[in-house]
Each structure stands twice: as C-alpha cells, then as structure tokens.
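Everything on this sheet refers to the single structure shown next.
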Amino acid sequence: MSPASDKPRIAVIGLGSMGYGMALSLHRADFTVTGCDVTAEAVQRFVAEGGQGATSPAEAAKTADIVVSVVVNAAQTETILFGNDGVAETLAKDAVFISSATMDPDVARRLAKQLEATGRHYLDAPISGGAQRAAQGELTILASGSAAAFAKARPALDAMSAKLYELGDAAGQGAAFKMINQLLAGVHIAAASEAIAFAAKQGLDIRKVYEVITASAGNSWMFENRMPHVLDGDYTPRSAVDIFVKDLGIIQDMARTAKFPVPVSAAALQMFLMTSAAGMGRDDDASVARMYAQVTGAKLP
344 MSPASDKPRI AVIGLGSMGY GMALSLHRAD FTVTGCDVTA EAVQRFVAEG
394 GQGATSPAEA AKTADIVVSV VVNAAQTETI LFGNDGVAET LAKDAVFISS
444 ATMDPDVARR LAKQLEATGR HYLDAPISGG AQRAAQGELT ILASGSAAAF
494 AKARPALDAM SAKLYELGDA AGQGAAFKMI NQLLAGVHIA AASEAIAFAA
544 KQGLDIRKVY EVITASAGNS WMFENRMPHV LDGDYTPRSA VDIFVKDLGI
594 IQDMARTAKF PVPVSAAALQ MFLMTSAAGM GRDDDASVAR MYAQVTGAKL
644 P
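Residues are numbered in this note's numbering as their position in the sequence shown, beginning at 1, plus a constant of 343.
Structure representation (structure tokens):
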C-alpha cells in the first residue's frame with residue numbers, strides 16, 4: 344500500500360451517521376482524513392479513531408485535495424461552500440468538492456457552476472446504502488460531473504463505494520437519479536407501513552406477516568429493511584421521517600415545474616408530513632406505521 348503522503352488528503356464535512364462511516368472507511372483505506380461537524384463530540388470521536396479534526400469547513404479544506412460534503416440538504420451544502428468559514432475560502436485551485444446531499448438537480452447545477460467559476464471542481468454524487476454500508480466503504484454512489492472532477496475524486500470514490508455509477512458529464516444528473524430512487528423509497532416505506540398497521544388492525548400476527556410477505560411477490564427492499572423496526576418497537580432513527588418530508592417535497596417541486604403528475608408520491612408525502620406533525624419527525628421513518636396505528640387504534644409492539 345502506498346504511504347499516506349502519496350495519496351490525496353481528504354476532508355469530510357458532516358459526521359452524521361453516513362458521513363462518519365464514510366470518514367472511517369477513508370481512514371481505513373490509509374488516507375489522511377480531516378473530519379468537521381457542527382457537533383464537537385462527533386469530531387472528537389473521529390479524532391479518537393485516528394483521524395484529524397477541524398472546527399470549520401474552511402479549516403478542514405485548507406490542506407485537502409478532496410472535500411466530501413455529507414450534509415442534509417442544498418441549503419447546508421451552499422453554506423459549507425460559500426458561507427462564513429466556507430470551503431471556497433481556502434480550498435486549493437484544482438481540488439474537487441464531492442457533494443453527497445440529496446437536492447433538486449437545478450440547485451446542484453447552480454452550485455457546480457458557482458464553484459467551477461473559481462477554478463475548483465464539483466462532483467454531484469448523492470449516495471445510497473445506509474450507515475452500515477457507509478462504514479464498510481460499500482455505498483452506491485450516483486455521480487455526475489466533468490472528466491476532471493471524476494479524475495480528482497476517484498481515489499475517494501473507490502474507497503467509499505461498492506457501486507459507482509457515472510451518470511453524465513455535468514452536475515444535476517446524479518441528483519436527478521437520486522430523486523427517482525427517493526420517490527420509490529418514500530412510496531415503499533409508506534406502503535409497507537400502511538400494510539403492517541392494517542395487518543395489525545386485522546388481528547394478524549405481524550411477525551408471521553413479515554415472514555410471509557418477505558417470501559412473496561408483495562415484498563420490497565424497504566418492507567424487508569424497515570418493518571423489523573416496527574416488529575421490535577424500535578424507532579431509533581437510522582433514517583428520519585423528516586428526510587422524506589424533504590425529499591418527497593423536492594419531488595413535488597420538480598414535478599410541478601415539469602408539469603408531470605406524481606399522485607402516488609404526493610400521497611406518501613402527506614403520510615410523512617402527518618407523522619412529522621405528530622412529533623415523530625426525528626424518529627425512524629418506519630414511524631409512519633405508528634401514525635397509522637394512532638389514527639386507527641391498531642396495536643403495534
């Protein structure tokens with residue numbers, strides 16, 4: 344393995360459940376990695392694992408060849424880039440910014456244009472796979488950007504992903520692919536939650552329902568992945584309700600602009616909104632099943 348000094352230096356901004364795992368997988372791959380987060384405890388935890396820490400995006404980017412931004416939305420990404428103590432203040436010319444937040448493709452295009460005008464590269468690279476796969480360096484990355492951005496980012500992309508899809512030569516394509524995934528993911532979680540709560544209302548043994556459905560044509564990846572949280576009565580957030588309030592909301596905005604009807608995802612959005620309004624916005628997204636139970640009197644674990 345080549346010594347760390349021969350490898351690009353990487354900053355990871357946003358050490359939440361996904362970003363922390365990504366930073367760890369890069370560190371294990373023998374990169375010099377600097378972590379930055381609004382929560383000092385997350386940075387300290389990463390330093391304790393052998394990484395380096397920074398107190399601001401500007402400080403983290405100062406020595407970086409690659410910056411990986413793993414925040415929640417477009418607004419946070421823009422702040423990390425161009426806000427006070429933002430990456431654009433210190434990032435070296437010809438370095439690359441990898442944006443992993445889920446956002447409207449039009450916003451991804453605008454941020455890329457703004458950063459590229461300063462002589463840096465922007466890679467639109469939303470991620471899928473969850474915290475466990477992030478920590479294992481086995482994410483699916485949906486990336487688009489210039490050939491130069493891909494070339495600069497490739498060492499980090501290879502260390503973080505099991506599947507890397509190269510989806511176009513300009514920002515926005517990766518974001519658009521991610522939104523199609525999020526449309527399906529949100530609809531499937533809402534449908535799975537409706538089904539499991541309806542089964543409970545029918546007096547069925549929902550553990551047996553889970554066993555039968557996961558072996559039948561009605562199964563989905565989300566049913567199989569999320570419904571164990573309902574069976575265990577454990578709504579610790581692996582992915583929060585409010586993530587889908589945001590993402591399905593972006594889909595509505597995109598669809599309205601395109602004059603394209605999306606009635607099924609609109610219905611799913613209403614269920615996530617109702618669940619959030621009931622105080623469960625920061626709980627696991629399988630909490631939609633709890634909302635159905637509250638409304639109908641169905642008994643869940």
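Idealized CB from N, CA, C, for every residue including glycine.
Everything numeric in this text was worked out from a predicted model, so none of it was measured.
Taking the alpha helix (DSSP H) that residue i belongs to, which residues open and close that run?
{"i": "residue 506", "result": "That residue, residue 506, is in no alpha helix (DSSP H); its beta strand (DSSP E) goes 504 to 509."}
{"i": "residue 613", "result": "606 to 618"}
{"i": "residue 368", "result": "360 to 371"}
{"i": "residue 411", "result": "Run containing residue 411: none in the alpha helix (DSSP H); it sits in the beta strand (DSSP E), 409 to 412."}
{"i": "residue 635", "result": "631 to 639"}
{"i": "residue 465", "result": "No alpha helix (DSSP H) contains residue 465, which is instead part of the beta strand (DSSP E) from 464 to 467."}
Here's the rule: buried if 16 or more other CB atoms are within 10 angstroms of the residue's CB, otherwise exposed. What is residue i?
{"i": "residue 625", "result": "exposed"}
{"i": "residue 627", "result": "buried"}
{"i": "residue 463", "result": "buried"}
{"i": "residue 344", "result": "Bear in mind that the predicted position of residue 344 carries a pLDDT of just 41, short of 50, making it unreliable; the figure below should be weighed with that in mind. Burial call: exposed."}
{"i": "residue 476", "result": "buried"}
{"i": "residue 559", "result": "exposed"}
{"i": "residue 493", "result": "buried"}
{"i": "residue 346", "result": "In this predicted model, residue 346 has a pLDDT of only 43, less than 50, meaning its place in the structure is not dependable enough to derive any value."}
{"i": "residue 600", "result": "exposed"}
{"i": "residue 640", "result": "exposed"}
{"i": "residue 622", "result": "exposed"}
{"i": "residue 613", "result": "exposed"}
{"i": "residue 505", "result": "exposed"}
{"i": "residue 349", "result": "exposed"}
{"i": "residue 561", "result": "exposed"}
{"i": "residue 604", "result": "exposed"}
{"i": "residue 606", "result": "exposed"}
Please state if the CB of residue j and the CB of residue i are separated by a distance shorter than 8 Å.
{"i": "residue 364", "j": "residue 538", "result": "no"}
{"i": "residue 358", "j": "residue 386", "result": "yes"}
{"i": "residue 579", "j": "residue 567", "result": "no"}
{"i": "residue 487", "j": "residue 467", "result": "yes"}
{"i": "residue 521", "j": "residue 469", "result": "yes"}
{"i": "residue 396", "j": "residue 377", "result": "yes"}
{"i": "residue 591", "j": "residue 620", "result": "no"}
{"i": "residue 482", "j": "residue 503", "result": "yes"}
{"i": "residue 519", "j": "residue 446", "result": "no"}
{"i": "residue 535", "j": "residue 565", "result": "yes"}
{"i": "residue 372", "j": "residue 480", "result": "yes"}
Could you tell me the boundaries of the beta strand (DSSP E) in which residue i lies?
{"i": "residue 440", "result": "439 to 442"}
{"i": "residue 479", "result": "Element bounds for residue 479: n/a, residue is neither H nor E."}
{"i": "residue 397", "result": "395 to 397"}
With residue i and residue j assumed to form a contact (beta carbons below 8 Å), what rounded beta-carbon distance in angstroms separates them?
{"i": "residue 615", "j": "residue 584", "result": "6 Å"}
{"i": "residue 478", "j": "residue 367", "result": "6 Å"}
{"i": "residue 542", "j": "residue 549", "result": "5 Å"}
{"i": "residue 618", "j": "residue 630", "result": "5 Å"}
{"i": "residue 354", "j": "residue 410", "result": "5 Å"}
{"i": "residue 484", "j": "residue 508", "result": "7 Å"}
I'd like the list of long-range same chain contacts for residue i, defined as Cβ closer than 7 Å, with 5 residues on each side in sequence excluded.
{"i": "residue 589", "result": "416"}
{"i": "residue 412", "result": "356, 357, 420, 423, 440, 441, 442, 443, 444"}
{"i": "residue 431", "result": "424, 425, 458, 461"}
{"i": "residue 524", "result": "471"}
{"i": "residue 453", "result": "none"}
To which residues of the same chain is residue i closer than 6 Å at the C-beta, ignoring the five residues directly before and after it?
{"i": "residue 408", "result": "351, 352, 438"}
{"i": "residue 434", "result": "404, 463"}
{"i": "residue 636", "result": "540, 643"}
{"i": "residue 495", "result": "439, 464"}
{"i": "residue 529", "result": "587, 591, 611"}
Give every residue of the same chain whose Cβ lies closer than 8 Å to the Cβ of residue i, excluding the five residues on either side of it in the sequence, and list them in chain order.
{"i": "residue 512", "result": "487, 488, 489, 490"}
{"i": "residue 429", "result": "400, 401, 422, 423"}
{"i": "residue 596", "result": "447"}
{"i": "residue 575", "result": "644"}
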